[in-house]
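With positions in the sequence shown counted from 1, the corresponding number in the numbering used here is that position plus 2.
Even glycine gets a Cβ: it sits at the ideal position worked out from N, Cα and C.
Take a look at the structure set out below.
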Amino acid sequence: MQTFSNKIADIRYDEELKIMRINYKGFAASNLYRQAVEKTFDIALANRCTKWLITQEEFRGVNPNDTQWLAEVWSPKIAEKFREIGINERRKTAIVKADNVFADYIAHRVADDLQTEEENKIFDKEEDALKWLLASGNE
């Protein structure tokens, strides 16, 4: 099983469900956030995984410069890399939101910014997020 952890994220590929599981926690320092995002990409690419579950119950936010980098630099890069290896389907990301107004606001902004590169949806509960993520059609 491929995994990665740092102070702000726990990341693993769930071999049974064939999804990425990313859990963000605390306030994301820029270098740790970008490291976690890049490791997520590496693991997803190695497993040809386009379905991601992000949980943020303990997340407290991220720097706006990092959300801009995510939307403008990183997301187009990963979409291009996936196409290069023959994966043409859009990423599908389910986000279980934080119980924190600031982090929730950031999640909505980032989700809106990433709509061109991925299909995403924000949920209150992980079971609802998984149901949507694992559904074969777009709902």
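Query                                                                                                                                                           : Result
Output needed for I45: all residues of its chain with C-beta closer than 6 Å, excluding positions within five of it in sequence on either side, in chain order. : Q4, Y15
Over what stretch of residues does the alpha helix (DSSP H) that includes E86 continue unbroken?                                                                : 77-86
Look at the alpha carbon of K99 and the alpha carbon of P66, and state the distance between them as a whole number of angstroms.                                : 18 Å
Please look up how many angstroms separate the CB atoms of A38 and A11, rounded, as I've assumed it's under 8 Å.                                                : 4 Å
In the DSSP assignment, find the unbroken beta strand (DSSP E) run with L55 in it and report its ends.                                                          : 53-64
Go through the segment 27-51 residue by residue and report every complete run of the alpha helix (DSSP H) that reaches 4 residues or more, in order.            : 32-49
So, are the CB atoms of G63 and F29 less than 8 Å apart?                                                                                                        : yes
So, with DSSP's three-state summary, where would you put A73?                                                                                                   : helix
Nearest-angstrom Cα distance between K27 and S138?                                                                                                              : 30 Å
I'd like to confirm the pairing. Which residues does DSSP put opposite E121 in its beta bridges?                                                                : K94
Specify the secondary structure class of D187 as computed by DSSP and reduced to three states.                                                                  : A question about residue 187 goes unanswered here, because the residues of the chain that appear run from 3 up to 141.
State buried or exposed for N33, treating a residue as buried only when at least 16 other CB atoms are found within 10 Å of its CB.                             : exposed
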